[in-house]
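Quick notes on the structure that follows.
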Amino acid sequence: CGHMCTCFNCAHELQWSCRTCPICQAPIDDVVRTYPNQC
């Protein structure tokens, strides 16, 4: 779905426990680590 609503560790917990996005309830297919822009 593309929602970024948790830290990386919590995202993995969600992926393996409830397996759905907490915002839209779409299935979590993959977790991607992102880094904030440091400009």
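One rule links them: number in the working numbering = place in the sequence shown (from 1) + 1. Glycine residues also receive a C-beta, built at the ideal position from the N, C-alpha and C atoms. In this text the structure is predicted, and so the values were computed from the model without any measurement.
| Query | Result |
| --- | --- |
| Neighbour-count burial assignment, Ala12, 16 or more Cβ in a 10 Å radius | buried |
| Close Cβ partners of Ile29 (< 7 Å) along its chain, the five nearest in sequence each way excluded | Leu15, Gln16, Arg20, Thr21 and Cys22 |
| Beta-carbon proximity of Cys25 to Cys6, cut-off 7 Å | no |
| DSSP bridge partner residues for Pro28 (one or two, in chain order) | Thr21 |
| Rounded straight-line distance, which links the Cα of Val32 to that of Phe9 | 8 Å |
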